[in-house]
Every structure is written in C-alpha cells, then in structure tokens.
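So the sequence shown is numbered by the numbering used here: it starts at 1 and just counts up by one.
Ideal Cβ placement from N, Cα and C applies to all residues, glycine included.
Because the structure is a prediction, the values reported are computed rather than measured.
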Amino acid sequence: MNLENFMNTDFFRENIDKNCAISHRVEEREYWERFRGVFLDFLKKRTETSEEAFKILPLSKSMLFKKAGDRITFETLYFKRRHYLVSFAYLEAIENKGEYFNQMLDLLWAVLEETVWAVPAHQKYGADDCVPHENETGLALFVGETAALVSSIYYIFKNQFDAISPEIGNRIRRRIKKEIYENFLNNDYYWMGFGRIPNNWNPWIVSNVVKTIINLEEYGDIEYKVLARSVYIINKYYSHYPLDGGCDEGVTYWGVAGGNLIAYADCIKRLTGGKLELTTDQKVKNTARFTVNMYNAPKFCVSFSDSPAKTKGDWAYMYYVGKVMNDKTIIAYAKESFENAGTEKTPEPSRSDFGRLIYRAEALAELPSVTEKFELPLGQHYDSIKVMIEREKSVAPYGLVLAAKANHNKESHNHLDTGSISIFKNCEPFILDPGNKTYTAQTFSNRRYELWNTQSQFHCLPIIGGCGQKVGREFKGENVVFENSSMTADIEKAYGEDFITKFTRKVGLDRENSRVVLKDYISLTEEKEVEFVFMTNAEVEISDKITLKQNGETMEITVNAPFTPIVENVEDDDPTVINNWGETLKRIRLKTKFKEQETEFIFR
C-alpha cells in the first residue's frame, strides 16, 4: 500500500473522526461492569501487596545499569509502579465507589513526577554518566508506553480529574507535549529508520504516540504534524517489512513488532474514520498471522534468536488482533491458547505489557463464548526470513513438528543459528533452540556473542574443526529452497572458514513414515574433527542409537556413521533459561572425523 498520500497535515486536518475513542469513560457502566468476576478478583489479589509501588524510584538503583550491567533491579520497581497504577485504575473503573481512586491518583502523580520516563538501558548520556538528565530524555520504548498509559487513565477519569483540578489534565498534557510530541517532531532517531532498517521500536513507539493523541482528544497544529509524521515513520518500517509477514525477531518480539503494526493500523483507521485503512492490506494480513503459524504446542512456539520457545501464549492480545483484522483463524488461535492456559488465565503479565491489560479483561469476558475451531496448516515457510515449520498433523497433539531456519547472522536480536533446527513430538520438545537469557548490559554490547546461548555451538549445528559460525550479514545461508516439506540450504558461508568448501543441509518431515530426516553433506580441504550438536532438555540414553525421553514421550535418533558421544549439562542458573527448559538443559555432542561425508540423522 502506498502511504505517501497520507503523510501531510491537511489529510488529518480534514479527516479526523473525533469519535474514535480506544478507551472507555468510567461512566460507561455497561462496558466496565462485565469485567466483574475473574478479572476483578485478579486485580484485587494483585494489589494486595502494593506498598513498594508507592516508594521512590531510587537513583542508586538506576545507577546499577551503568555500574554493574544490571537492568532488572531498577526496571522491576519501574514496571511495578505502572502495573499497580493500571490495576488500581481498572479496579476503580469496575467498582466505581471511590475505594481505589486515591491509590490510582497517587501513583499517577508519582509517574508524572519522575525525572525521566526512559529506563536506564535506554538513556544515552555517555559511557560514564549514570544519572538521568531531566531535559534530555529522548523518545524511547517505555516513554511511549507510559504516555499511552497516562493518557488512557486520563481519558477514563477525565470528568473526575477535572472536577478536582484542571491542573491534573494540564500537567499530563505538558509532560506529553515535552516527552512525546516535541521529541517525535524534532528528532530523526535511529529507531525511526534513519540510518538503519528499523526494528520493533518503530511500530511500538509510533502506535503508542497515536494512542496518546486519541486519548487526549485535542487536535491542533502540533497533533496534525505528529500524525502526518507518524505515517512517514511507520512507512519506514512497513516498507521494509516482508510481504509474507515473516518476523526475523521471532514470535515473542512479533508481539511488539508486527503486533504493534496491527495496533497502529487499528488506531489510524479509527482516527480517520476508515480513510486510512491498513487492515485490508495483504502484507498486514500476513503479518497478523505470523504468531499463529509459528505455534507448535500448548505454551510453545517456534523459537530463534532472542525469542524463547516457551510462552504463555498472549491469547488476550491475539484476540484483539483477530478482532481488528476480522480473522477467524486468529480468533480461534486465541481461544485455543486461552483454553490451554488452564489455571494461568490471569497470570502476572510480563514487565512491559502494562498497557495491554485491558485486552486481558476483554478477552476474559468474551473468549468463553467463541466457537471457532482451531486448525493449523500442515506446512508454512517464510522465504523472507528463511524459516520453515512442518507438522505431521494439523490438530493437536500434531505428531512430529519440525522447524528450521537458514537466514543470515545479522538479524535483529540475532543468534548465530543459520541452519539450526528444532523438533517437537506430540507437543513435547526434544531437539530445541536454547532461546534467550535474562537481559543485561552485555546482551546488547560488543560482547554479546560471548554469551553461550547466542553461539552456534549451542544450537543444533555442527562444530567444524573447532569453529562455529560468525557474526555478520555476509555469514548466511545460500540457495535456500523449500519444497516437499523440506528445506535445503548451503550454509558454509555462515562459518566463514576457508577449509569448509561445502556444507549443504537438507532437513524434512516425512509424514508417510512419521519421521524427520536430516542430511548434512560437509566437504573440507583436509580431515578435521566434526561435532554434531543437538540441544535437548530430555533424558538421554545412548547406545547404537540415541533415545530421548520426555514426559512419557520417546524420540529415537539413528545415525548412519560412527561417532563418539558426549552429553554435557549446560550449567546456568539464569532464571529465563530455567523457566524455558528447567534445570536439565543438555548439549549432545557427536564427535567424528572426516574430510568429506554425508551424515544422515533420522528422528522418529
């Protein structure tokens, strides 16, 4: 879709629909009353221990990021304040008795009094400066999130706030003008797409900017300029996003990448009375389906890069996406994920999704009555990011599920995983991608690839002559072909070693014989040691074959060549790794030596 015709202030000045609210006044009792029950009980339980949210955000904790690389300590307090703010706001909106109003107002004022809204990891003040600068905040992720949250609460309680003092609304507008509008108009940030291809920051921030404008309900020259520029900036993301909808950042980041492109499409459609309509665009439709197509088991998805395999499944946001896109398959996926959530239908949301809590309320109220049945495509591939997923069956428990990828080694949130695979069987992981670790300063530094989980040696890829893959767009898969439920790729360039003259990997799902077949043809200039690596969290038994056992399921792996096996535990007490795989993550290393060989592995 050509967006250039919408990049001007006159379009918005002439086409604003002022009845485009995305939030609901507290006076809209029919809307709020339906959230009694599970959601209301969740909010009450969640706010039982809220004392810490009312404390200051200590400067000493903020300084830990620059001093020790610690993101978690300060951010936990920062996000907790926002989570409790929105919780008290929704409690008051549902109950409408004044019982929670003061707590909400106090936390709202505390947020407005914060020196900056950006978290320390997103503040750019120089290597040795760890103190936030009041007048140099920049427009980062959680600045936009906070503005959208604050403005939505103001929209809900506008009449009550104005009755106390117009200064509440005035202060909100002044802060948002400074943090959002002026920064958005007067800076060409890298995340906008100036000087680099934009990633999730672009739609994440831009969608929140538009939400903020809608919530504040004021339309003048500055708002028209911001809206026109929003189209210009979102187009930098949209124009680079692939037609097939593939997200190189993975499923978890899709929620804030492609998922926020959907949020922008929803907001801008409402704002213009349908004059700017992106939800019918084929690229946007394909983008909306990405998470559904990457589903491989309850609470699991295809993982690569920093996107973990284990996920609670954001059924609430996907239900919103399904409604925005009028897509019954996405709605059915949301219902499936909702039912699989079991007793976790109201888990503590992740740290940064405080702005999406309302979707959970709406989904809890509406999903139980959804009747669409969920069925997955047997196969799906994304040529744009060189990712394939093949399923033995289209309905749970899906039988064997194979995923493979062969893109380059400079993707957003990249791991060195060109050619890697993962295999599930009846919803149990057997051959897996390790996923992410808890973020620290090192995660996004020049020492990123010293972390074990980013290295190809800890993915399902061979170590050849002691070498793993290298970092950079030039280290990539070539001649990638998807056909007959298989992927074939030449991946010698991903290693960047002159002694590797050829490495062709072919992997496919043989539905007729209920097996996955992996063939690696490797040719070297001289005989060297090769270690075929497979990651697993299953029990491992090795004889003339490899047997993996997991929760009553068994997978057998046979190899057509001799090898010396080594099974080692991956020792890491990182909470994210443990949450994904427990404390039993292992690396299977099958050592051999050759100059040229085609090695065949059969998984069944």
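Closest option to C20, judged by alpha-carbon separation, among E4, E217, R447 and R174: E217. When only Cα atoms are considered, K528 and S485 end up about 32 Å apart. The C-beta distance from S307 to Y253 rounds to 6 Å, short enough to meet the 8 Å contact threshold. A direct Cα-Cα distance of roughly 29 Å separates V516 from A288. The three-state reading of DSSP puts C267 in helix, counting H, G and I together.
Taking the CA atoms as reference points, T564 sits about 57 Å from L149. With fewer than 16 other CB atoms across the displayed protein chains lying within 10 angstroms of its CB, S514 is exposed. Take K44, set aside five residues on each side of it, and the residues of its chain with a beta-carbon closer than 8 Å to its own are L91, in chain order.
DSSP, reduced to helix, strand and coil, places T329 within a helical segment of the structure shown. Note that the C-beta distance between A396 and S422 is not below 8 Å. Taking 8 Å as the cut-off, the Cβ atoms of F79 and M104 do not count as close. Each of N159, V209 and D162 was checked against the Cα of K177, and the nearest Cα belongs to V209. Secondary structure at M535: strand, using DSSP grouped into helix, strand and coil.
A straight-line Cα-Cα distance of about 20 Å links C467 and K405. Taking one beta carbon from each stretch, the segment 256-264 and the segment 191-202 have 3 or more pairs nearer than 8 Å; the two touch. The residue from I557, Y439 and E531 with its alpha-carbon nearest to that of V540 is I557.
Burial is judged here by how many other beta carbons sit within 10 angstroms of a residue's own beta carbon; W117 has at least 16 and is buried.
Scanning its chain for C-beta atoms nearer than 6 Å, with the 5 sequence neighbours on each side dropped, one finds around H415 the residues S305 and T454, in chain order. For the pair S165 and N215, the CB atoms are not nearer than the 8 Å cut-off. Setting aside the 5 residues that flank it on each side, R173 is surrounded in the same chain by L216 and E218, each with a C-beta closer than 8 Å to its C-beta; the list follows chain order. Rounded to the nearest angstrom, the Cβ distance from Y333 to V292 is 5 Å, consistent with a contact under 8 Å. For the set F161, W191 and E568, the Cα lying nearest the Cα of G144 is the one of W191. Look at the beta carbons and you see the segment 478-495 not touching the segment 424-440: under three pairs across the two are nearer than 8 Å.
For N296, there is no enclosing alpha helix (DSSP H); the residue is part of the beta strand (DSSP E) that begins and ends at Y295 to A297. About 6 Å separates the beta carbon of G582 from that of N537, a gap short enough to meet the 8 Å contact definition. S422 carries a strand assignment under DSSP once its states are collapsed to helix, strand and coil. The beta carbons of L85 and E52 sit no closer together than 8 Å. In this chain, R171 is not harboured by any beta strand (DSSP E); it is covered by the alpha helix (DSSP H) spanning P166 to I176.
DSSP places H133 in the coil class of the three-state scheme, outside both helix and strand. Taken through DSSP and simplified to helix, strand or coil, S62 comes out as helix.
Considered as a whole, the segment 233-265 harbours 250-254 as its complete alpha helix (DSSP H) runs of no fewer than 4 residues, in chain order. Bridge partners of V321 according to DSSP: none are assigned. In the three-state reduction of the DSSP assignment, G466 falls in the coil class. Assignment of P575 by DSSP, reduced to helix, strand and coil, places it in the helix class. Assignment of N409 by DSSP, reduced to helix, strand and coil, places it in the strand class.
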